[in-house]
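Q: Chains as they are written, first to last, in my numbering: chain A, 150 to 263; chain B, 13 to 124. Heads up, the beta-carbon is just placed ideally off N, CA and C, and yes, glycines get one too. Only a predicted model underlies this, so the values are computations on that prediction, with no experimental measurement involved. For reference, the structure I am asking about is given below.
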Amino acid sequence: EAQVTQNPRYLITVTGKKLTVTCSQNMNHEYMSWYRQDPGLGLRQIYYSMNVEVTDKGDVPEGYKVSRKEKRNFPLILESPSPNQTSLYFCASTVRNVLASPLHFGNGTRLTVT
Amino acid sequence: AQSVTQLGSHVSVSEGALVLLRCNYSSSVPPYLFWYVQYPNQGLQLLLKYTSAATLVKGINGFEAEFKKSETSFHLTKPSAHMSDAAEYFCAVSEGNNDMRFGAGTRLTVKP
């Protein structure tokens, strides 16, 4: 089944403790992206990647890192999480770009930082 | 930079009634416009998209949207609401290959 898989679905952590949210897609998509969803703000793009070893900042990249060493994986890294990073995170992918074909989303990771 | 405004964070309709979810956009170039739907505990799914072909776009589940350049709008409609339409709906705009901006979302409630 074609899908975007995020793990974990729920994560509670403390300020400053490094964490990684994994994202994997099995559709051979070139484009991958991370969003955070907050009430009243919709989805805001954190980072995106047009292909392996190519990553770019979105609208809200501060406090996050990503890497794209393989086509299928696009992990989101929080080196020193803070409470303002408490949010619902989505990974998404598409064939080449957001115009050519729809974004496929994972089911989300709900992160709480205390 | 492009942006979208969704009017109304919550919309409530009765089953069988017309659904109208409003979206206005801002873009410096001819935009590409999208509506996505999010069901509880799931990621977003594409409902429909406008890419400068026909101004009336038909999507899945009986939804459609009309692109009106003069009003910079891309409102989503469905003639008759069903209970299964209850979800959050996001309008989005893109000017280029890698940049898509989402609205704040509208939560649709369908009353029996």
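Between Asn171 (chain A) and the rest of its own chain, which residues show a CB-CB distance below 6 angstroms, the 5 nearest in sequence each way excluded?
A: The residue given as residue 171 (chain A) occupies position 22 in the first sequence. According to the sequence shown, residue 171 (chain A) is Thr rather than Asn. Result list for Thr171 (chain A): Asn156, Pro224, in chain order.
Q: Considering Cα atoms alone, identify which of B:Phe102, B:Val25, B:Gln14 is closest to Ala93 (chain B).
A: Along the second sequence, read from residue 1 onward, the residue named residue 93 (chain B) stands at position 81. Minimum Cα-Cα distance from Ala93 (chain B) among the listed residues B:Phe102, B:Val25, B:Gln14 corresponds to B:Val25.
Q: Quick one, which of B:Ser15, B:Lys90, B:Ser82 has its alpha-carbon nearest Val69 (chain B)'s?
A: Here the question's residue 69 (chain B) lines up with position 57 in the second sequence. Of the candidates B:Ser15, B:Lys90, B:Ser82, the one whose C-alpha sits nearest the C-alpha of Val69 (chain B) is B:Lys90.
Q: Tell me whether Gly74 (chain B) sits in a helix, a strand or coil according to DSSP, three-state version.
A: Walking along the second sequence from the start, residue 74 (chain B) turns up at place 62. Residue state, collapsed to three classes: helix.
Q: Is there at least one Cβ from chain A nearer than 8 angstroms to Gly117 (chain B)'s Cβ?
A: Taking the first residue of the second sequence as 1, we reach residue 117 (chain B) at position 105. It does; some Cβ of chain A falls within 8 angstroms.
Q: Nearest-angstrom Cα distance between Arg34 (chain B) and Pro188 (chain A)?
A: Here the question's residue 34 (chain B) lines up with position 22 in the second sequence. Here the question's residue 188 (chain A) lines up with position 39 in the first sequence. Spanning the two alpha carbons is a distance of roughly 18 angstroms.
Q: So Phe114 (chain B) contacts chain C; which residues on that side make the cut at Cβ distance below 7 angstroms?
A: The structure shown contains no chain C; its protein chains are A and B.
Q: May I ask you to list the residues that DSSP assigns as paired with Glu100 (chain B)?
A: As a working note, residue 100 (chain B) is residue 88 in the second sequence. Its beta-bridge partners are B:Gln50, B:Arg119.
Q: Can you name, in chain order, every residue of its own chain whose Cβ lies under 6 angstroms from the Cβ of Gly257 (chain A), other than the five neighbours on each side?
A: By one-based count along the first sequence, residue 257 (chain A) stands at place 108. Taken in chain order, the residues that qualify are Leu237, Phe239.
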